[in-house]
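Heads up, the thing below is written out as structure tokens.
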Amino acid sequence: MHFPTASDHKAKEILHLKERENRGMNGILSPNLFDDLPEELIMEIFSFISLKELCLTIPLVCKKWKDFAASPLLWQHLDFNEIKCLTTKALYNIICMKCPLLKRLSLKYRSELSAYEMLNIAKACPQLQQLSLAFCGQINEKIVTMFAEYFPDLQDINLEGCDITDGCINDLSILPLKRISVSHCVHLSNDSLKTIATSCSHLQSINFDGIQWITDDAVYVMVEYCHAHLEKLWLDGANLTDNSIQAIANCINLKVFSLSFCDNLSDVTLTWIKQMKKLQTLRLKKGINFTAKVLQELFIGLHVDLMDNATGILYLYLPECSNMNDEAVKSLAESFPNLLELDLSWCWDITDQGFINVVLNCNEMQSMIMCGMREIMGNCLLNLPKLMPRLRYLDASQCNKMSDQLLLELVNTVKNLTVLNYYCEILRPYAFNK
Numbered sequence: 001m002h003f004p005t006a007s008d009h010k011a012k013e014i015l016h017l018k019e020r021e022n023r024g025m026n027g028i029l030s031p032n033l034f035d036d037l038p039e040e041l042i043m044e045i046f047s048f049i050s051l052k053e054l055c056l057t058i059p060l061v062c063k064k065w066k067d068f069a070a071s072p073l074l075w076q077h078l079d080f081n082e083i084k085c086l087t088t089k090a091l092y093n094i095i096c097m098k099c100p101l102l103k104r105l106s107l108k109y110r111s112e113l114s115a116y117e118m119l120n121i122a123k124a125c126p127q128l129q130q131l132s133l134a135f136c137g138q139i140n141e142k143i144v145t146m147f148a149e150y151f152p153d154l155q156d157i158n159l160e161g162c163d164i165t166d167g168c169i170n171d172l173s174i175l176p177l178k179r180i181s182v183s184h185c186v187h188l189s190n191d192s193l194k195t196i197a198t199s200c201s202h203l204q205s206i207n208f209d210g211i212q213w214i215t216d217d218a219v220y221v222m223v224e225y226c227h228a229h230l231e232k233l234w235l236d237g238a239n240l241t242d243n244s245i246q247a248i249a250n251c252i253n254l255k256v257f258s259l260s261f262c263d264n265l266s267d268v269t270l271t272w273i274k275q276m277k278k279l280q281t282l283r284l285k286k287g288i289n290f291t292a293k294v295l296q297e298l299f300i301g302l303h304v305d306l307m308d309n310a311t312g313i314l315y316l317y318l319p320e321c322s323n324m325n326d327e328a329v330k331s332l333a334e335s336f337p338n339l340l341e342l343d344l345s346w347c348w349d350i351t352d353q354g355f356i357n358v359v360l361n362c363n364e365m366q367s368m369i370m371c372g373m374r375e376i377m378g379n380c381l382l383n384l385p386k387l388m389p390r391l392r393y394l395d396a397s398q399c400n401k402m403s404d405q406l407l408l409e410l411v412n413t414v415k416n417l418t419v420l421n422y423y424c425e426i427l428r429p430y431a432f433n434k
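Here is the structure:
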């Protein structure tokens with residue numbers, strides 16, 4: 001039990017005197033208590049306010065709050081996807097008038113910005129280090145060249161889905177880039193990966209997914225120059241061979257590895273992935289030639305106790321690895337007990353007998369995608385409230401043996417769980433009749 005001390009009484013007295021100072025003649029507490037705080041503390045408090053509130057709410061409170069909200073210190077990280085209702089003109093004015101200290105900017109999907117507006121944005125933010133122009137249809141070599149000129153400190157650029165060419169990558173190669181995403185920029189070639197790898201050897205994250213023209217030659221160059229620092233890698237495997245994966249295994253610090261369209265890759269690829277002992281995220285899409293036996297060996301080889309990290313694999317995506325079977329899933333569940341997300345969509349040979357091991361062992365799970373797992377009836381899922389209390393998303397679309405009644409029961413017993421039924425419809429909780 002705590003007994004009041006002299007210091008407690010003194011503190012109480014000081015607070016009482018401070019309160020009296022802030023009361024008017026009528027004894028009502030002054031509304032200016034907040035304003036009496038040091039400006040540094042007020043700015044710290046305002047730094048926790050969302051961008052939407054900073055734009056639309058805070059300036060309307062009073063003039064002093066409006067002035068605080070306009071401070072460049074609060075406008076260093078901007079993601080305008082948070083305020084989709086913001087007009088292009090308002091967005092443009094905010095960046096050009098309030099953001100000389102801007103470090104991170106996302107203009108994703110903002111295709112309506114003109115080249116002239118892009119130029120003024122570039123001039124207004126000389127300290128920018130991270131930029132996303134993903135899915136901005138107006139991006140071309142002229143705009144990329146301009147950004148490369150005005151943002152000499154740029155370390156992270158996202159041009160996903162943009163209509164850019166190899167020439168744009170040449171312009172970016174002069175920057176001190178550590179992270180680049182050009183996912184699904186379908187006009188890029190091997191030359192782009194070679195150029196960025198040789199010029200920016202300190203790259204930590206490379207995303208060339210969705211670019212099916214990448215071949216072994218470009219991968220060899222990338223590994224030669226970037227193997228020491230590379231931590232995250234996304235590639236399209238359509239034109240790669242097992243030799244590329246052998247080379248990538250030399251990237252000793254790799255934590256995230258994703259391969260789309262593994263149609264032409266064999267079990268040899270899995271033997272090389274087994275050597276990647278720092279992995280936390282692994283994605284292998286359409287590995288139709290991966291056998292269940294070697295997949296099982298992969299999971300055993302990446303067992304949490306054999307990894308060079310504390311958690312082991314946290315995110316595992318194996319869509320269309322159609323040879324997966326119950327034995328492989330059992331090894332998966334036993335090797336990766338800390339899994340947060342799992343995608344086994346269209347792994348149609350897995351039955352309840354194998355999948356129950358996931359429910360029993362992976363108790364930290366937050367998201368499961370089971371799309372097209374045609375042999376699963378799902379009775380083991382009734383244990384989710386107890387065994388997977390953190391599960392928030394379950395995709396059971398195209399699972400023709402799983403009943404809506406079972407899924408509805410899950411929705412009503414697992415709090416905050418989003419469930420998709422056979423028809424990819426979101427199931428809603430219903431009120432039981434009392």
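When the count follows UniProt numbering, it moves up by one through the sequence shown with no breaks and lands on 434 for the last residue. Note that beta-carbon positions come from the ideal geometry of N, C-alpha and C, so glycine has one too.
{"query": "Exposed or buried, Val-414, counting other C-beta atoms within 10 Å across all chains shown (16 or more means buried)?", "result": "buried"}
{"query": "Check the DSSP bridge columns for residue 447 and list the partner residues they point to.", "result": "No answer is possible for residue 447: the residues shown for the chain start at 1 and end at 434."}
{"query": "What is the C-beta distance between Asp-343 and Leu-318, in whole angstroms, given that I count them as a contact (C-beta under 8 Å)?", "result": "6 Å"}
{"query": "Using a Cβ-Cβ cutoff of less than 6 Å, which residues in the same chain neighbour Ser-258 once the five nearest sequence positions on both sides are dropped?", "result": "Trp-234, Arg-283"}
{"query": "Would you say Leu-314 and Glu-341 are within 9 Å of each other, going by their C-beta atoms?", "result": "yes"}
{"query": "Drop a sphere of 10 angstroms on the beta-carbon of Glu-425, count the other beta-carbons inside from all chains shown, and report buried for 16 or more, exposed for fewer.", "result": "exposed"}
{"query": "As a quick exercise: from Glu-149, Asp-153, Lys-178, pick the residue whose alpha carbon is nearest that of Ile-168.", "result": "Residue identity differs from the one stated: residue 168 is Cys in this sequence, not Ile. When only C-alpha atoms are compared, the closest one is Glu-149."}
{"query": "Opposite Phe-208 in the DSSP bridges: which residues?", "result": "Leu-235"}
{"query": "Using the three-state DSSP reduction, which class does Val-419 fall into: helix, strand or coil?", "result": "strand"}
{"query": "Relative to the alpha-carbon of residue 441, which residue among Leu-230, Gln-398, Phe-355 has its alpha-carbon at the smallest distance?", "result": "Past the edges of the chain, shown from 1 to 434, lies residue 441, and the structure says nothing about it."}
{"query": "So, is Gly-312 buried or exposed, given that buried needs 16 or more other C-beta atoms within 10 angstroms?", "result": "buried"}
{"query": "Kindly indicate which three-state DSSP category Ser-201 falls into: helix, strand or coil?", "result": "coil"}
{"query": "Secondary structure at Met-97, three-state DSSP: helix, strand or coil?", "result": "helix"}
{"query": "Within its chain, find whatever has a CB closer than 7 Å to the CB of Leu-387; leave out the 5 residues flanking it on each side and keep chain order.", "result": "Val-359, Leu-360, Asn-363"}
{"query": "Can you name the start and end residues of the beta strand (DSSP E) that Glu-341 belongs to?", "result": "341 to 343"}
{"query": "Give the straight-line distance between the Cα atoms of Leu-175 and Ser-331, rounded to the nearest whole angstrom.", "result": "44 Å"}
{"query": "For Ala-218, which residues of its own chain have a beta-carbon under 7 Å away from its beta-carbon, when the five flanking residues on both sides are left out?", "result": "Asn-190, Leu-193, Lys-194"}
{"query": "Per DSSP, Ile-426 is paired with what?", "result": "Leu-420"}
{"query": "Look up Ser-71 in the DSSP assignment and say whether it is helix, strand or coil.", "result": "coil"}
{"query": "Arg-390: buried (16+ other C-beta within 10 angstroms of its C-beta) or exposed?", "result": "exposed"}
{"query": "Do the stretch 82 to 99 and the stretch 57 to 65 make contact, defined as three or more Cβ pairs closer than 8 Å?", "result": "no"}
{"query": "Could you check the C-alpha separation between Phe-208 and Val-182 for me, to the nearest Å?", "result": "6 Å"}
{"query": "Among Cys-162, Asp-163, His-227, Cys-200, whose alpha-carbon lies nearest the alpha-carbon of Arg-179?", "result": "Cys-200"}
{"query": "Who does Leu-316 pair with in a DSSP beta bridge?", "result": "Leu-282, Leu-342"}
{"query": "Could you give the first and the last residue of the continuous alpha helix (DSSP H) run that contains Ile-356?", "result": "352 to 361"}
{"query": "Please give the ranges of any beta strand (DSSP E) in the stretch 364 to 395, keeping only runs that are unbroken, at least 3 residues long and fully inside the region.", "result": "367 to 369, 393 to 395"}
{"query": "Hey, out of Ala-122, Ser-403, Gln-366, Ile-245, whose CA is closest to Ile-376's CA?", "result": "Ser-403"}
{"query": "My assumption, with CB atoms under 8 Å, is that Leu-101 sits in contact with Gln-76. Please give the rounded CB distance.", "result": "5 Å"}
{"query": "Report the residue from Gln-353, Leu-265, Gly-372 whose alpha carbon sits nearest the alpha carbon of Cys-380.", "result": "Gln-353"}
{"query": "In whole angstroms, what is the alpha-carbon distance linking Lys-274 and Val-294?", "result": "10 Å"}
{"query": "With DSSP run on the structure shown, which of helix, strand or coil describes Asp-79?", "result": "strand"}
{"query": "Per DSSP, what kind of secondary structure is Ile-180 in: helix, strand or coil?", "result": "strand"}
{"query": "Assign Arg-428 to buried or exposed, taking buried as 16 or more other Cβ atoms, counted over all protein chains shown, within 10 Å of its Cβ.", "result": "exposed"}
{"query": "Could you tell me the boundaries of the beta strand (DSSP E) in which Ser-132 lies?", "result": "130 to 132"}
{"query": "Considering only the beta carbon of each residue, do Ile-196 and Leu-203 sit closer than 9 Å?", "result": "yes"}
{"query": "In three-state terms, what does DSSP make of Ile-164?", "result": "coil"}
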